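Structure record follows, encoded as structure tokens.
Residue numbers (this note's numbering), protein chains in the order written: chain A, 16 to 98; chain X, 37 to 184.
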């Protein structure tokens, strides 16, 4: 997947920042293995698809280094989660 | 961040996520609003869910415009024909841009003043923020070549 250098991927049934972080870690490794820039692959998380997810919607605020990390003009996508 | 109603209704054991008039039942409107606020808190755009009837372009345009007014930064498509309609709805119009420029100019022309009058209306900081957001969005959307 990473070797195709996608602009981003959709993460369905995301039920909190922990789930997003796990994918972020996978992508860190996959990007490095494919020789892509770190954080190159964006994530769009679908955040309301499980019962638990409705209780975690404040968790993403702690998942991003700073507001404005996303770039709506580039792809309209949510940029990578950061620790 | 995107919100979605289909898998949620299955997870909750609901037989439908709609009311008799076709609008979303309260639980799904709540999910939509929580997604919007959660994304704003995280500093990322929220995208509205699908408009499933891909032949109903007018309904999609109305739904997308409503979503933009509510604060969503975009909307997901389930058919390629929906992309242009959605891009149009989320792109500030020429009138929006002209007005936003006038708002910003009015505040910049009166430094240090928090409330000013324009066209007989009183404007304060939230209006300035909104005007700047319109101009920022316009610059990015036009710059990306997404719309003419």
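Here a beta-carbon is modelled for each residue, glycine too, at the ideal position from N, C-alpha and C.
Bear in mind that the values here come from a model prediction, so they are computed numbers and not experimental data.
Please list the partners that residue i has in chain D, where partner means a Cβ-to-Cβ separation under 7 Å.
i	result
residue 37 of chain X	Among the protein chains in the structure shown, which are A and X, there is no chain D.
Could you check whether the Cβ of residue i sits closer than 7 Å to any Cβ belonging to chain A?
i	result
residue 99 of chain X	no
residue 145 of chain X	no
residue 74 of chain X	yes
residue 171 of chain X	no
residue 47 of chain X	yes
Kindly indicate if chain X contains any beta-carbon less than 7 Å away from that of residue i.
i	result
residue 65 of chain A	yes
residue 38 of chain A	no
residue 34 of chain A	no
residue 24 of chain A	no
residue 42 of chain A	no
DSSP puts residue i in a beta bridge; with which residues?
i	result
residue 60 of chain A	A:26
residue 152 of chain X	X:159
residue 84 of chain X	X:111
residue 38 of chain X	A:61, X:83
Span of the alpha helix (DSSP H) holding residue i?
i	result
residue 137 of chain X	130 to 144
residue 52 of chain X	Where residue 52 of chain X is concerned, there is no enclosing alpha helix (DSSP H), given that its DSSP letter is neither H nor E.
residue 66 of chain X	62 to 78
residue 100 of chain X	93 to 106
residue 20 of chain A	No alpha helix (DSSP H) holds residue 20 of chain A; DSSP gives it neither H nor E.
Are the Cβ atoms of residue i and residue j separated by less than 7 Å?
i	j	result
residue 103 of chain X	residue 84 of chain X	yes
residue 25 of chain A	residue 37 of chain X	no
residue 78 of chain X	residue 49 of chain A	no
residue 40 of chain X	residue 64 of chain A	yes
residue 125 of chain X	residue 97 of chain X	yes
residue 134 of chain X	residue 171 of chain X	no
Might you give, ordered along the chain, the residues of its own chain that have their beta carbon closer than 8 Å to the beta carbon of residue i, omitting 5 neighbours on each side?
i	result
residue 60 of chain X	41, 53, 54, 68
residue 146 of chain X	152
residue 164 of chain X	139, 140, 143
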